[in-house]
């Protein structure tokens, strides 16, 4: 079996980007073609198919960088809001402010860099903690006064050690009878479900006689879990082959996703790790991918 | 077959929340237990299992809301950054500023509300376009000067009609030889892949003789696609049963996800729709879920 997929570039960061003066290079695999051989999980052979057919590198034009910096609507203090977001999970990691130098440094270095209003100086997230945010892309909003640093964090972003800086839910506080309500990271749907499955695993281990739940049953019975994943995949396929309505497909995909996520939990694999695999598969050049496999 | 799942609350918005004076109610299905009967895609029977055993409603205490508003570190102009994020996809929809009144109105009304610095007045996103952002949760950051409105948009958020306000990639601009580079929404990994699959579908339809790719092959051959989804599900299960390493599980899940997403594309179903199904399943009360099914 051969799998050959051609994908558009998902943005990817360059490992070493500071370069001389006016000219900054980074890799630009515009188009990527992948061949997978079928020794399951053993070999993925990917090669880059670039427009020029060679190992093209794009040189960032300093004049163009200046034009972009000029296009930002800096406020009266010379600042714009800069939001760092995890490229795989979508989590908002932190929010700070950028001035012209901070944005330029981020674009060039691909490390999320902000302007500290309290210290009146630039700071690159991670310069102390080493938990850098490796920037894959930078987005400006329609008004050009708000910036997203879309990147991959090396570790927890918050100075408290939390994964992100957003762990205080207003409604949790309002609903809590006590002051010391448990902190809960802001999570979107997939990651809330992932957290719930993890909680069930802990309960299954610590409260074996507690209330049974479907998730716990699956966690405790690998044969059952395997048969459910297989069944849900079959049902999803059937919605296609039987031309069932969209709602059925969405519902069956939801079932498949949930049951697969229970399996991931048992294997101690996060959705983020899965997404990282997908991103790397579809953004790296073949050489990079091959080298990264040699290292692991 | 019976599927009974017990999940912790995923935050959910209340449809009508403005209420008298000091007391605001919203639904609080603390614990939810779901039973699915197996007439595939036909009946999902869910019931809420709340701590009190009854249809508990939580009344927001005005004094507590005030305490939260007091705890925010408003800047010299009385503002804090407010970021609206899609609860299902994680997309950052827009960023504005909130003052005390805007945050209070958001907490109470569950519609994302900001303070317009240009008009010096409150504005609720959607009051003109009707594309409200229905807020499921509100998060404060560690420094208490940055806010996330985690919600579900009724439609495109940007005044330009774009799904979000972030559609200008700095690196796209830098790499482009022309000025008029195609706009590209900021998308995290899963949604970049989804967009790429959509692109392949358009190519398959408009350029039937164009370069073949695995995605195009799958899009054009439902039998092949079905067999691949089944195969990848089997391989994922095998990593569990054979106790293969974590990396294999992540890789097989990535395969399953990708192939399932091609199937979703053929059925014109977005990942966001699937996540919405998951969220509703695990956050609604049984009655709400039953009623919503009757309507559709």
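Protein chains in written order, with UniProt numbering: chain A, 1 to 296; chain B, 1 to 296.
Where is the CB? At the ideal position from N, CA and C, for every residue including glycine.
Looking at residue i: is its Cβ nearer than 9 Å to the Cβ of residue j?
i: residue 152 (chain A); j: residue 124 (chain A); result: no
i: residue 256 (chain A); j: residue 222 (chain B); result: no
i: residue 148 (chain B); j: residue 92 (chain A); result: yes
i: residue 73 (chain B); j: residue 117 (chain B); result: no
i: residue 150 (chain A); j: residue 95 (chain A); result: no
i: residue 193 (chain B); j: residue 204 (chain B); result: no
i: residue 81 (chain A); j: residue 135 (chain B); result: no
i: residue 69 (chain B); j: residue 229 (chain A); result: no
i: residue 140 (chain A); j: residue 71 (chain A); result: yes
i: residue 108 (chain B); j: residue 171 (chain A); result: no
Starting from residue i, follow the beta strand (DSSP E) in both directions and report where the run begins and ends.
i: residue 113 (chain B); result: 113 to 116
i: residue 266 (chain A); result: Note, residue 266 (chain A): premise wrong, no beta strand (DSSP E); alpha helix (DSSP H) at 246 to 266.
i: residue 146 (chain A); result: 146 to 153
i: residue 123 (chain B); result: 121 to 124
i: residue 277 (chain A); result: Run containing residue 277 (chain A): none in the beta strand (DSSP E); it sits in the alpha helix (DSSP H), 271 to 283.
i: residue 70 (chain A); result: Looking at the DSSP string, residue 70 (chain A) is not in any beta strand (DSSP E); the run it does join, the alpha helix (DSSP H), is 62 to 71.
i: residue 137 (chain A); result: 133 to 141
State the Cα-Cα distance for the pair residue i and residue j, rounded to the nearest angstrom.
i: residue 218 (chain B); j: residue 224 (chain B); result: 6 Å
i: residue 83 (chain B); j: residue 142 (chain B); result: 15 Å
i: residue 246 (chain B); j: residue 269 (chain A); result: 6 Å
i: residue 100 (chain B); j: residue 64 (chain B); result: 14 Å
i: residue 227 (chain B); j: residue 238 (chain A); result: 11 Å
i: residue 43 (chain A); j: residue 253 (chain B); result: Low local confidence applies: a pLDDT of 29 at residue 43 (chain A) is under 50, so the model's placement there is unreliable, with the coordinate-based value given in what follows. Their backbone Cα atoms lie some 16 Å apart in a straight line.
i: residue 61 (chain B); j: residue 248 (chain A); result: 41 Å
i: residue 122 (chain B); j: residue 273 (chain A); result: 41 Å
i: residue 259 (chain A); j: residue 119 (chain A); result: 49 Å
i: residue 164 (chain A); j: residue 282 (chain A); result: 26 Å
i: residue 262 (chain B); j: residue 197 (chain B); result: 7 Å
i: residue 87 (chain A); j: residue 278 (chain A); result: 12 Å
i: residue 264 (chain B); j: residue 243 (chain A); result: 12 Å
i: residue 202 (chain B); j: residue 187 (chain B); result: 19 Å
i: residue 156 (chain A); j: residue 162 (chain A); result: 6 Å
i: residue 195 (chain A); j: residue 271 (chain A); result: 11 Å
i: residue 128 (chain A); j: residue 175 (chain B); result: 32 Å
i: residue 189 (chain A); j: residue 210 (chain A); result: 26 Å
i: residue 159 (chain A); j: residue 130 (chain A); result: 12 Å
i: residue 266 (chain B); j: residue 250 (chain A); result: 12 Å
i: residue 67 (chain A); j: residue 191 (chain B); result: 29 Å
i: residue 206 (chain A); j: residue 208 (chain B); result: 57 Å
i: residue 234 (chain A); j: residue 234 (chain B); result: 11 Å
Verify the contact flag: residue i, CB atom, against every heavy atom of the ligand FAD, threshold strictly below 8 Å.
i: residue 176 (chain B); result: Although the ligand FAD was asked about, the structure shown includes no ligands whatsoever.
Considering only residues of the same chain and omitting the five flanking positions on each side of residue i, which have a CB-CB separation below 6 Å?
i: residue 167 (chain A); result: 183, 185
i: residue 216 (chain B); result: 200, 204
i: residue 280 (chain B); result: none
Can you list, in chain order, the residues of its chain whose CB lies under 7 Å from that of residue i, leaving out five sequence neighbours each side?
i: residue 213 (chain B); result: 200
i: residue 232 (chain A); result: 252, 255, 256, 259
i: residue 169 (chain B); result: 184
i: residue 115 (chain A); result: 79, 97, 98, 99, 102, 122
i: residue 293 (chain A); result: Below a pLDDT of 50, predicted positions are generally treated as unreliable, and residue 293 (chain A), at 45, falls in that range; the measurement from the model is reported next regardless. Excluding sequence neighbours, residue 293 (chain A) sits near nothing in its chain.
i: residue 54 (chain B); result: Reliability fails at residue 54 (chain B), whose pLDDT of 30 lies under 50, so the model's placement of it is uncertain and the value that follows must be treated cautiously. Result list for residue 54 (chain B): empty, nothing under 7 Å.
Could you pull out every residue in the same chain whose Cβ sits closer than 8 Å to the Cβ of residue i, ignoring the five residues on either side in sequence?
i: residue 275 (chain A); result: 88, 89
i: residue 21 (chain A); result: In this predicted model, residue 21 (chain A) has a pLDDT of only 27, less than 50, meaning its place in the structure is not dependable; the value taken from the coordinates is given anyway. Same-chain partners within the cutoff: 62.
i: residue 132 (chain B); result: 111, 112, 124, 125, 126, 153, 154
Every unbroken beta strand (DSSP E) within the segment 76 to 102 of chain B, with a cutoff of 3 residues, ordered by chain: The qualifying runs are 80 to 86, 92 to 98.
Uninterrupted alpha helix (DSSP H) stretches inside the segment 146 to 230 of chain A (no shorter than 4 residues): Here the runs fully enclosed are 170 to 175, 189 to 206, 214 to 220.
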